[in-house]
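A.B. asks: For reference, the structure I am asking about is given below.
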Amino acid sequence: MGDPPERSRKQFDGSQQQPPHDDFVLFLDENLHKCAPILSVLEQANIRYKRHTDIFEPGVLDEVWLPKVCQHGWIVLTKDKGIRYNELEIRAIISNKGREFVFTSGNLSGAQMAEILSKALPKIQRLSQRVSAPFIASITQKGEVHVRYDENGSVYEQRRKARSK
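Our numbering puts the last residue of the sequence shown at 462; the count rises by one with no breaks.
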């Protein structure tokens with residue numbers, strides 16, 4: 298008989314293999330795709346991105362473009378807080394293993410969102426690498442990033458139910 302197969306000598310440290318940085322592509326939805334300050338932040342940080350109207354016609358419903366964007370593995374960036382409350386859109390993200398980041402503060406200027414994004418980008422990148430899709434996360438006015446929905450639904454509701462047991 299032959300020799301036994303050679304085994305790896307490197308110990309497994311329990312961490313998941315990190316996806317290559319090239320897999321990090323932001324998709325700017327229609328309400329952000331022309332925002333010059335945000336485009337500038339992404340270009341200065343060498344972040345690859347796709348813009349809504351580079352791929353879809355203006356006015357295409359979220360339920361139509363979300364599955365396609367998710368299937369490409371692109372990460373949605375939006376200021377459309379309504380997506381978080383629309384069950385069809387949440388299901389589109391969850392069922393298509395999507396990742397989405399939403400600015401949660403309303404009425405921000407492009408410059409304000411760009412400043413918040415520049416603070417939040419490292420957190421967005423880390424979360425995108427460490428947390429398995431699907432998820433929907435919020436970006437606060439302070440640049441904090443929090444997962445709000447995952448494959449089990451609202452993270453807030455999951456915590457509330459766990460505390461009440």
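Don't be surprised by glycine CBs; every beta carbon is placed ideally from N, CA and C.
Three-state secondary structure (DSSP) at Glu303?
C.D. replies: As a first step, residue 303 must be located in the sequence shown, where it is residue number 6. For Glu303, the pLDDT reaches just 49, beneath the cut-off of 50, and the residue's location in the model is therefore unreliable, although a value from the coordinates is still provided. Here Glu303 sits in coil by DSSP.
A.B. asks: Check the C-beta distance from Thr375 over to Asn328 and give it rounded, since I have them as a contact under 8 Å.
C.D. replies: The count along the sequence shown starts at 1 and reaches residue 375 at position 78. The count along the sequence shown starts at 1 and reaches residue 328 at position 31. Sure, about 6 Å apart at Cβ, within 8 Å.
A.B. asks: Mapping the DSSP letters down to three states, classify Gly246 as helix, strand or coil.
C.D. replies: Here the chain has residues from 298 to 462 only, and residue 246 is not among them.
A.B. asks: Are the Cβ atoms of Tyr446 and Phe432 separated by less than 8 Å?
C.D. replies: Taking the sequence shown and counting its residues from 1, the one referred to as residue 446 is at position 149. Taking the sequence shown and counting its residues from 1, the one referred to as residue 432 is at position 135. Yes. Within cutoff.
A.B. asks: Specify, as a first and last residue, the run of the alpha helix (DSSP H) that Lys458 falls within.
C.D. replies: One-based indexing of the sequence shown puts residue 458 at position 161. It spans Val452 to Ser461 - the alpha helix (DSSP H) in which Lys458 sits, taken as one unbroken run.
A.B. asks: Starting from the C-beta of Met410, find all residues in its chain whose C-beta is less than 8 Å away, skip the five residues before and the five after it, and write them out in chain order.
C.D. replies: Position 113 of the sequence shown holds residue 410. Same-chain partners within the cutoff: Leu329, Cys332, Pro334, Ile335, Lys376 and Phe400.
A.B. asks: If Trp371 sits next to Leu323, beta carbons under 8 Å apart, how far is it from one beta carbon to the other, in whole angstroms?
C.D. replies: As a position in the sequence shown, residue 371 is number 74, starting the count at 1. As a position in the sequence shown, residue 323 is number 26, starting the count at 1. Indeed, because the Cβ distance is near 7 Å, the residues count as touching under 8 Å.
A.B. asks: Please identify the residue among Glu340, Ala342, Ala434 and Gln455 whose C-alpha is closest to the C-alpha of Ser378.
C.D. replies: Taking the sequence shown and counting its residues from 1, the one referred to as residue 378 is at position 81. For the record, residue 378 in the displayed sequence is Lys; it is not Ser. The option with the nearest alpha carbon to Lys378 is Ala434.
A.B. asks: Looking at the structure shown, is Leu323 part of a helix, part of a strand, or coil, going by DSSP?
C.D. replies: For the purposes of this step, residue 323 is taken as residue 26 along the sequence shown, with counting starting at 1. Strand.
A.B. asks: Closest by CA to Ile352, which one among Arg345, Trp362 and Asp320?
C.D. replies: Position 55 of the sequence shown, counted from the start, is the residue given in the question as residue 352. Among Arg345, Trp362 and Asp320, the Cα nearest to that of Ile352 is on Trp362.
A.B. asks: Pull up the CB-CB distance for Val373 and Gly395, whole angstroms please, since I reckon it's below 8 Å.
C.D. replies: Stepping through the sequence shown from its first residue, residue 373 is reached at position 76. Stepping through the sequence shown from its first residue, residue 395 is reached at position 98. At roughly 7 Å, the Cβ-Cβ gap stays under 8 Å, so Val373 and Gly395 are in contact.
A.B. asks: For Lys365, which of helix, strand or coil comes out of DSSP?
C.D. replies: Within the sequence shown, residue 365 is the residue found at index 68, counting from 1. Three-state DSSP puts Lys365 in a helix.
A.B. asks: In three-state DSSP terms, what is Ala411?
C.D. replies: Along the sequence shown, one-based indexing puts residue 411 at 114. Ala411: helix per DSSP, three-state reduction.
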